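Visitor: Numbering (this note's numbering), first residue to last: 17 to 248. In this text, a Cβ means the ideal position worked out from N, Cα and C, and glycines have one as well. In this text the structure is predicted, and so the values were computed from the model without any measurement.
(1) Can you tell me which residues form a DSSP beta bridge with residue 220?
(2) With a cut-off of 8 Å, does the C-beta of residue 142 fall near any C-beta of chain D?
(3) Relative to the C-alpha of residue 239, which candidate in 182, 202, 124, 178 has its C-alpha closest?
(4) I need the straight-line Cα distance from residue 70 to residue 63, nearest angstrom please.
(5) Just verifying my parser: in three-state terms, what is the DSSP assignment at residue 228?
(6) Can you name the start and end residues of the alpha helix (DSSP H) that residue 98 belongs to?
(7) Are three or more beta carbon pairs between the region 105 to 116 and the region 171 to 183 nearer than 8 Å?
(8) Does the separation of the CB atoms of residue 127 and residue 211 fall below 8 Å?
(9) Assuming the contact rule is C-beta atoms closer than 8 Å, residue 103 and residue 141 should be a hit. Round their C-beta distance to whole Å, please.
(10) Quick check: residue 244 and residue 121, are their CB atoms within less than 8 Å of each other?
(11) Can you look up residue 54 in the DSSP assignment and give me helix, strand or coil?
(12) Under the rule that 16 or more other beta-carbon atoms within 10 Å means buried, what is residue 187, buried or exposed?
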């Protein structure tokens with residue numbers, strides 16, 4: 017199979033989940049002792065988070081592009097950015113490399129349309145929920161109407177990601193906050209919910225909500241393995 021390059025570390029908790037999912041799916045597809053051929057370049061999230069808060073997206077784009085180029089030089093055949101939020105700089109990264117770049121929203125958008133979903137709730141960081149780079153792609157490419165929680169709930173969802181999930185803290189009360197957010201979006205017409213931050217899968221599982229869950233981390237990793245096998 018082809019080699020999957022992963023830009024990780026945002027946070028390492030979710031990057032570890034990516035590594036597990038890539039290898040588990042490769043084994044499921046190929047059997048035996050197979051696992052995914054992969055490279056991971058792990059950045060230091062502390063400085064990334066500081067630049068996010070400062071709105072230094074141009075600098076962040078340059079840093080992600082540099083990481084992608086390093087993976088390409090190291091032998092990667094495709095690049096994944098193991099974070100939803102940093103797809104804010106997707107165009108910069110894609111333009112910096114010659115190999116394919118797999119956008120995290122695309123496997124999710126395709127899965128939603130296959131399931132017949134038209135209106136979907138979105139949980140993620142404030143950047144993902146409030147800026148247009150994510151919901152806009154889902155709308156323009158897949159015709160999806162995206163709902164997000166109200167401002168106070170967005171604050172809580174964002175805080176839990178950065179203050180808890182990025183540090184591996186799984187709290188039952190935080191799960192209840194997310195469950196209430198999902199229930200509220202369901203009452204507004206959401207037919208499903210996107211776990212639009214790669215850490216949320218650590219907190220929310222399908223059994224935690226009556227809405228169908230679309231986990232961007234799992235869908236992204238699965239699509240990457242499928243590509244790597246199909247293009248070998």
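Guide: Let me spell this out:
(1) Beta-bridge pairing links residue 220 to no other residue.
(2) No chain D appears in the structure shown, which is made up of a single protein chain.
(3) 124
(4) Residue 70 and residue 63: Cα-Cα distance of roughly 11 Å.
(5) strand
(6) Unbroken run through residue 98: none, as it is neither H nor E.
(7) By the criterion of at least three beta-carbon pairs nearer than 8 Å, the region 105 to 116 is not in contact with the region 171 to 183.
(8) Between residue 127 and residue 211, the CB-CB gap reaches or exceeds 8 Å.
(9) The pair is not a contact, with the Cβ atoms about 11 Å apart (cut-off 8 Å).
(10) no
(11) strand
(12) exposed
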